[in-house]
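Right, one structure below, let's go through it.
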Amino acid sequence: MPDGMENEFRNFSKDNSATHRARVVRLLVIFAVPMIVVFVECGLIITKAVRSQQLVAETNSGIMAALQIGSLVTSLQKERGMTSIYLTSLSPIAWERVLKFRNNTDLAFEHVTKWRGGPQDDKHFATGEDFRNFLLDYRRTINSTTQSLSELRWYTAAITILIKWVNRDIYMGGDNGGDLWRYFVAYELILQAKDTIGLQRALGGNYYARGYHTSEEQLWFNEAEVQARVLLDAAFLHSARTKDLYQSLLDHYSEPVIDIRKSAKLFRNVRSVDNSSLIVDRGNGTDLTNGKNNVTDQAKAQSWFANMTVLMDDVIGPTELDLTTFILLHLDEQSCARYSVPGMSTP
Numbered sequence: 001m002p003d004g005m006e007n008e009f010r011n012f013s014k015d016n017s018a019t020h021r022a023r024v025v026r027l028l029v030i031f032a033v034p035m036i037v038v039f040v041e042c043g044l045i046i047t048k049a050v051r052s053q054q055l056v057a058e059t060n061s062g063i064m065a066a067l068q069i070g071s072l073v074t075s076l077q078k079e080r081g082m083t084s085i086y087l088t089s090l091s092p093i094a095w096e097r098v099l100k101f102r103n104n105t106d107l108a109f110e111h112v113t114k115w116r117g118g119p120q121d122d123k124h125f126a127t128g129e130d131f132r133n134f135l136l137d138y139r140r141t142i143n144s145t146t147q148s149l150s151e152l153r154w155y156t157a158a159i160t161i162l163i164k165w166v167n168r169d170i171y172m173g174g175d176n177g178g179d180l181w182r183y184f185v186a187y188e189l190i191l192q193a194k195d196t197i198g199l200q201r202a203l204g205g206n207y208y209a210r211g212y213h214t215s216e217e218q219l220w221f222n223e224a225e226v227q228a229r230v231l232l233d234a235a236f237l238h239s240a241r242t243k244d245l246y247q248s249l250l251d252h253y254s255e256p257v258i259d260i261r262k263s264a265k266l267f268r269n270v271r272s273v274d275n276s277s278l279i280v281d282r283g284n285g286t287d288l289t290n291g292k293n294n295v296t297d298q299a300k301a302q303s304w305f306a307n308m309t310v311l312m313d314d315v316i317g318p319t320e321l322d323l324t325t326f327i328l329l330h331l332d333e334q335s336c337a338r339y340s341v342p343g344m345s346t347p
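Just so we're aligned: 295 in the UniProt record's numbering is position 295 of the sequence shown, and the numbers increase by one with no gaps anywhere.
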């Protein structure tokens, strides 16, 4: 041992106990402080990673809930439209389809794993069982004397509440900066446009089944046509990808006659429709926007319903789903980026 170190060691040994303890404490502090800093940093990293996972899980849960409620909304829209046609025509074929759509609604309801209602909502929507009983009770009141307009109002009021839930679930993930809010707005506008198109589907079916529109039906039909066009245009202003997908889906059909944005007189007597093409008589049929026809045609009522369903399910539906997926992916990216630490990755 060198003489200097040996002398220092001897001096250290000769120190009194108080000085000895002070030196020991000083040495412990010198070594402990960096270790404490490391432990704190590790704790923060773990906390951020856990929070990131929680946020992603909450976002995914909200999106899945929105998709489930959205599926229920779609089923209710079809049930609303066909029930309206039945009440106008009292057609046995329409009634058979009403029963089919009711069954589809019940199945969609069963797939809702978490009901989004609560004490703040209408008592009929507070729990899933409350809404189910509310719907079943209303179905029992429907008979040959029920007015189609009152039926449309009942279903539309219920659907409006559910659409608000979908929007709430989509928004719950938040937008941690950037311009993702534009896609939130576009999604909400698409949902509203889809429901107004659903009203057109129901009211147009009434027109063919009865042969004419009442003045109130005609006003509602025209308002729905304008609203759907405005809502879609507004959605496309907020999301170019949504506009492009919508147009590409329209182009899939032989005649892109279902683009409701182009003319208030676009929809005319339906001649035929199948799963691969849409054919609408644009030259010889009676214009629905004038409310006059006076010739009942149950086949055209069903074809109109099918035509509009293609628009809602095969054009609006995929557009809506694409926007939902886009939002979900970007929320995931934002949450991971916000809570990640350089050099660390979260599962």
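For glycine and all other residues, C-beta sits at the position ideal for the given N, C-alpha and C.
Bear in mind the structure is a predicted one, so any value in this text is a computation, not a measurement.
For residue i: DSSP bridge partner residues
| i | result |
| --- | --- |
| Tyr138 | Note: Tyr138 sits in no beta bridge, so no partner. |
Residue j beta carbon less than 8 Å from that of residue i
| i | j | result |
| --- | --- | --- |
| Gln200 | Met308 | yes |
| Asn206 | Ser150 | no |
| Gly81 | Ala228 | no |
| Ile159 | Leu323 | no |
| Asn104 | Ser84 | no |
| Tyr208 | Asp137 | no |
| His238 | Tyr155 | no |
| residue 414 | Ser89 | The shown model of the chain, from 1 to 347, leaves out residue 414, and the question about it has no answer. |
| Ala186 | Ala235 | yes |
| Gly204 | Trp95 | no |
| Gln77 | Asp195 | yes |
Own chain partners of residue i with C-beta closer than 6 Å, once the 5 adjacent residues on each side are dropped
| i | result |
| --- | --- |
| His330 | Leu180 |
| Pro256 | Any reading at Pro256 is ruled out, since the residue's pLDDT is 44, under 50, leaving its predicted position unreliable. |
| Ala193 | Ala228, Leu231, Leu232 |
| Glu188 | Asn167 |
| Leu328 | Ile63 |
| Glu216 | none |
| Thr141 | none |
Closest by C-alpha distance to residue i, when choosing among the options
| i | options | result |
| --- | --- | --- |
| Ala65 | Ala235, Lys164, Tyr212, Pro318 | Lys164 |
| Phe109 | Thr156, Leu162, Pro92, Ala224 | Leu162 |
| Glu79 | Glu223, Gln68, Arg139 | Arg139 |
| Glu223 | Ala235, Ile197, Phe236 | Ile197 |
| Pro92 | Val315, Ala299, Asp314 | Ala299 |
| Lys100 | Glu216, His111, Val226, Tyr86 | Tyr86 |
| Ala301 | Asp314, Leu135, Tyr212, Val315 | Tyr212 |
| Phe326 | Ser144, Phe134, Ala240, Arg97 | Ala240 |
| Val73 | Asp106, Arg97, Val98, Pro119 | Asp106 |
| Lys114 | Val315, Leu67, Asp314, Thr141 | Leu67 |
| Arg153 | Trp220, Arg102, Asn133, Asn143 | Trp220 |
| Asn143 | Val98, Asn133, Lys123 | Val98 |
Cβ-based neighbour list, residue i, same chain, cut-off 8 Å, excluding 5 preceding and 5 following
| i | result |
| --- | --- |
| Gly117 | Phe125, Ala126, Thr127, Gly128, Asp130, Phe131, Trp165 |
| Thr319 | Ile190, Thr242, Leu245, Tyr246, Leu249 |
| Ile69 | Val112, Arg116, Leu162, Trp165, Val166, Asp169 |
Residue i: CB within 7 Å of a non-hydrogen atom of the ligand SAH
| i | result |
| --- | --- |
| Ala126 | The ligand SAH is absent from the structure shown, which contains no ligand whatsoever. |
Own chain partners of residue i with C-beta closer than 7 Å, once the 5 adjacent residues on each side are dropped
| i | result |
| --- | --- |
| Thr146 | Leu87 |
| Phe134 | His124 |
Contact with chain C by residue i, beta-carbon distance below 8 Å
| i | result |
| --- | --- |
| Gln120 | Of the chains in the structure shown, none is chain C; there is only one protein chain. |
message = Which runs of the alpha helix (DSSP H) at least 4 residues long sit entirely within the segment 115-169? Give them in chain order.
response = 128-141
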